[in-house]
Amino acid sequence: MTIMQHRFLEFIPDHLEEGIIYISIEYCTAIHLCVCGCRNKVVTPISPADWKLTFNGKSISLYPSIGNWSFDCQSHYWIKDGKVEWSESWSKDQILNVREYDAEVKIKYYKTEPEPEIKRIEKKSRAFWGWILNVLNL
Ligand SMILES: [Zn+2]
Numbered sequence: 070m071t072i073m074q075h076r077f078l079e080f081i082p083d084h085l086e087e088g089i090i091y092i093s094i095e096y097c098t099a100i101h102l103c104v105c106g107c108r109n110k111v112v113t114p115i116s117p118a119d120w121k122l123t124f125n126g127k128s129i130s131l132y133p134s135i136g137n138w139s140f141d142c143q144s145h146y147w148i149k150d151g152k153v154e155w156s157e158s159w160s161k162d163q164i165l166n167v168r169e170y171d172a173e174v175k176i177k178y179y180k181t182e183p184e185p186e187i188k189r190i191e192k193k194s195r196a197f198w199g200w201i202l203n204v205l206n207l
């Protein structure tokens with residue numbers, strides 16, 4: 070079983086050690102070296118649309134799982150209570166599905182509902198008439 074230690078820091082250091090997750094609360098980011106040993110840096114932004122970090126006073130957990138599908142190792146694992154739990158590796162289809170789902174969550178989170186067409190037209194015509202009145206000095 071792989072143990073994950075954690076360090077709370079303001080800035081993420083340049084040199085990262087394996088088996089440690091570096092957490093910057095200020096920048097809402099955690100970073101660690103991929104636990105498979107490939108030494109790729111895994112950045113997990115902490116936000117309602119990304120990862121959720123929990124700290125129980127002793128160890129940390131990240132939710133959801135970490136899927137390093139952009140690395141050669143394609144490793145997929147959970148960090149739960151300071152321990153690494155391996156997940157099955159993903160098929161290409163699963164990766165695509167997760168990516169799509171991720172994108173949807175992000176769009177929902179970052180963008181508000183688009184304005185209904187009518188409102189937009191109303192606004193535009195108001196702006197247009199405002200401009201005409203302004204030009205005519207009325
Ligand atoms: Zn790896």
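The numbering of the sequence shown is my numbering, which starts it at 70 and goes up by one. We put the beta carbon where it would ideally sit given N, CA and C, even for glycine. Here the structure is a predicted model, which is why all the values come from computation and not from measurement.
query	result
With respect to the beta strand (DSSP E) encompassing I92, which residues constitute its N-terminal and C-terminal limits?	I89 to S93
Hey, how far is the Cα of L102 from the Cα of K110?	5 Å
Alpha carbon to alpha carbon, how far is N137 from C105? Give it in angstroms, no decimals.	10 Å
Using the Cβ count rule (16 or more neighbours within 10 Å means buried), how would you classify I94?	exposed
Please go through the same chain and pick out, in chain order, the residues whose beta-carbon is closer than 6 Å to the beta-carbon of K121, but skip the five residues on each side of it.	Y132
Is DSSP giving I135 helix, strand or coil here?	strand
Which word fits H145, buried or exposed, when buried means at least 16 other C-beta atoms lie within 10 angstroms of its C-beta?	buried
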